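Trainee:
There are 2 protein chains.
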Amino acid sequence: MRDQPAMLFDLDGTLVDSVYQHVLAWRRALFDQGFDLSAWRIHRRVGMSGGLLVHALGRELGHQFSESQVQEVQAAHARYFREVGEGIHPLPGASHLLQELTRRRVLVAVATSGTRETAGASLRKLGLGTGVPVVTRDEVPFAKPDPDLFLAAAERLGAPVASCIVVGDSVWDILAARRAGALGVGVLSGGYSRQELEVAGAFRVYHDPAALEQRLDELGIRM
Amino acid sequence: MRDQPAMLFDLDGTLVDSVYQHVLAWRRALFDQGFDLSAWRIHRRVGMSGGLLVHALGRELGHQFSESQVQEVQAAHARYFREVGEGIHPLPGASHLLQELTRRRVLVAVATSGTRETAGASLRKLGLGTGVPVVTRDEVPFAKPDPDLFLAAAERLGAPVASCIVVGDSVWDILAARRAGALGVGVLSGGYSRQELEVAGAFRVYHDPAALEQRLDELGIRM
């Protein structure tokens, strides 16, 4: 019997319901620096590396952030996000999906553009088993939409990236998946629309981890 | 010279940047009642009347809310939303757009599914002139996606609704506009995608009020 494909999961908006809190934490952090940036514009950048996000938003504002400003905004974002930590919950079916995949001998890893520090709270809420490697922004030169996080996660699993399935809620996950040579699958649980994810190249789009688990056969994951 | 079309504006996500705060206020209010509903599902319902929103989300959870539960959830939402009141800001160009329309002798009104109480803070941030009528959920039998709010707003202006342009960020605005017989125009500033608004029937979709003001001629609004 052929090996099952390995699965690489994004964290925020894919396994935990944290995108809206991230959006408002970035909005407050930018506002502290004097930048009144609309929430929807931030929403469409979440999932990128924090540094890239701040620079990209700066361009939309016609402002060139200095490296120290970027660091201040990132620190403030981490602080505001910690404040709402108690309000972060796993998405429906997230833990069950990971258990079910392990039961089916599917190798699983998590790859997030968040730092080890910011991702920590979300990972704890998820109750991730010790057998699931987690690659964070601190461990690679470039976060999404560069392919490094997914390449590192595949390597950690000893799986060829071309046979991996990447699951993410943002178009940056799908772009990073394509650049890594993996198959991208979308979930709506980060607040992007189905069409945005499909246009970005998602092979399938599911509501959330619970809906994905019901349709694993569509991805060639056998019982 | 022919009269200019009148313009009817939604409030949250269209003139003020408040949708993400509303989403999290609803999420907390539902969680207090024991319902762990994902933020993205709430996001796609915001803009509806609060009662309809709670009932609709209940159905997604397979739960029939009692009327007293609906009232409790609505009261908790209003309380949580008040907490973040200071973090609510007008969207780029919102005040300037309304001034410019008045200067061009375009009749303008605001029509929101929010209650007078919840909308109050947002309206104050906007610094709305006294010449702009505001119709809230308290004043009509049914809020969006029913057409009542826009019909009442047009009547308040003495304008035939068929010549009105409705501007909103959600598909519920566009549906209510169609049911009222008005022309629907979308803005991305509530976090819906362009495709969702276009599929719902928006004639045009702009980033936000500032972008709309730059293209008023596309809507037949003359200098």
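Residue numbers (our numbering), protein chains in the order written: chain A, 17 to 239; chain B, 17 to 239.
Ideal Cβ positions, reconstructed from N, Cα and C, are used throughout, including at glycine.
The model shown is predicted, which means the values in this text are computed figures rather than measured ones.
(1) Three-state secondary structure (DSSP) at V100 of chain B?
(2) Can you determine whether any heavy atom of the ligand GDP sits closer than 7 Å to the C-beta of E133 of chain A, and answer yes or no?
(3) If we define contact as Cβ-Cβ less than 8 Å, is R44 of chain A a contact residue for chain B?
(4) Taking its Cβ as the centre, do 16 or more other Cβ atoms sit within 10 Å of G200 of chain B, making it buried, or is it exposed?
(5) Could you give the first and the last residue of the continuous beta strand (DSSP E) run that contains L10 of chain B?
(6) On the criterion of 16 or more Cβ atoms from any shown chain inside 10 Å, does A91 of chain A qualify as buried, or is it exposed?
(7) Compute the beta-carbon to beta-carbon distance between V177 of chain B and L165 of chain B, rounded to the nearest angstrom, for a pair I have assumed lies under 8 Å.
(8) How would you write the range of the alpha helix (DSSP H) that G136 of chain B sits in, first residue to last?
(9) Anyone know if the C-beta pair for P149 of chain A and A175 of chain A falls short of 8 Å?
(10) With 8 Å set as the bound, which would you pick, yes or no: does the beta-carbon of W56 of chain A sit closer than that to a beta-carbon of chain B?
(11) With distances taken Cα to Cα, identify the nearest neighbour of M23 of chain B among B:M239, B:A137, B:L117, B:H223.
(12) When you compare the CB positions of G67 of chain B and V86 of chain B, do they come within less than 8 Å of one another, or not?
(13) Residues of the segment 191-211 of chain B with a CB closer than 8 Å to any CB of chain A: list them in chain order, please.
(14) What are the residues in the segment 208-233 of chain B lying within 9 Å of chain A by C-beta distance?
(15) Would you please state the rounded distance, in angstroms, between the beta carbons of R57 of chain B and E88 of chain B? I believe it to be under 8 Å.
(16) Give me the Cα-Cα distance between S54 of chain B and P108 of chain A, rounded to the nearest whole angstrom.
(17) Below 9 Å on C-beta distance, what does G103 of chain A contact in chain B?
(18) Within 10 Å of its beta-carbon, does Q37 of chain B have 16 or more other beta-carbons around it, so buried, or fewer, so exposed?
(19) Who are the Cβ neighbours of R121 of chain B in its own chain at under 8 Å, not counting the five residues just before and after it?
(20) Closest Cβ-Cβ distance between H59 of chain A and chain B: below 8 Å?
(21) If you measure beta-carbon to beta-carbon, which residues of the segment 103-121 of chain A are closer than 8 Å to chain E?
Mentor: To lay it out plainly:
(1) To locate residue 100 of chain B, count along the second sequence from 1; it is residue 84. Residue state, collapsed to three classes: coil.
(2) Within the structure as shown, the ligand GDP is missing, as the structure has no ligands at all.
(3) The residue labelled residue 44 of chain A in the question sits at position 28 within the first sequence. At least one chain B Cβ lies under 8 Å of R44 of chain A.
(4) Position 184 of the second sequence holds residue 200 of chain B. Under this definition G200 of chain B is a buried residue.
(5) An answer regarding residue 10 of chain B cannot be provided, because it is not within the stretch 17 to 239 covered by chain B.
(6) Walking along the first sequence from the start, residue 91 of chain A turns up at place 75. Exposed is the call here.
(7) Reading the second sequence from its first residue, position 161 is the one you call residue 177 of chain B. Reading the second sequence from its first residue, position 149 is the one you call residue 165 of chain B. Rounded, the Cβ-Cβ distance is 11 Å, inconsistent with contact.
(8) Working through the second sequence from its first residue, we reach residue 136 of chain B at position 120. 132-142 is the span of the alpha helix (DSSP H), which, as asked, contains G136 of chain B.
(9) By one-based count along the first sequence, residue 149 of chain A stands at place 133. By one-based count along the first sequence, residue 175 of chain A stands at place 159. No, the Cβ-Cβ distance between P149 of chain A and A175 of chain A is not below 8 Å.
(10) Counting from 1 along the first sequence, the entry for residue 56 of chain A is found at position 40. Closer than 8 Å: yes.
(11) The residue labelled residue 23 of chain B in the question sits at position 7 within the second sequence. M23 of chain B has its Cα closest to that of B:L117, out of B:M239, B:A137, B:L117, B:H223.
(12) To locate residue 67 of chain B, count along the second sequence from 1; it is residue 51. To locate residue 86 of chain B, count along the second sequence from 1; it is residue 70. Yes, they are a contact pair.
(13) L204, S205, G206, G207, Y208, S209, Q211
(14) Y208, S209, R210, Q211, E212, V215, H223, D224
(15) Mapped onto the second sequence, residue 57 of chain B falls at position 41. Mapped onto the second sequence, residue 88 of chain B falls at position 72. In fact, because the Cβ distance is near 20 Å, the residues do not count as touching under 8 Å.
(16) In the second sequence, counting from the first residue as 1, residue 54 of chain B sits at position 38. In the first sequence, counting from the first residue as 1, residue 108 of chain A sits at position 92. Cα-Cα distance, rounded: 8 Å.
(17) As a first step, residue 103 of chain A is located in the first sequence; it is residue number 87 there, counting from the start. What G103 of chain A touches in chain B: L40, R43, R44, F47.
(18) Here residue 37 of chain B refers to the residue found at position 21 of the second sequence. It counts as buried.
(19) Position 105 of the second sequence, counted from the first residue, corresponds to residue 121 of chain B. Around R121 of chain B: Q20.
(20) Residue numbering aside, residue 59 of chain A sits at position 43 when the first sequence is read from its first letter. H59 of chain A counts as touching chain B.
(21) Structure shown: chain E not included; protein chains present are A and B.
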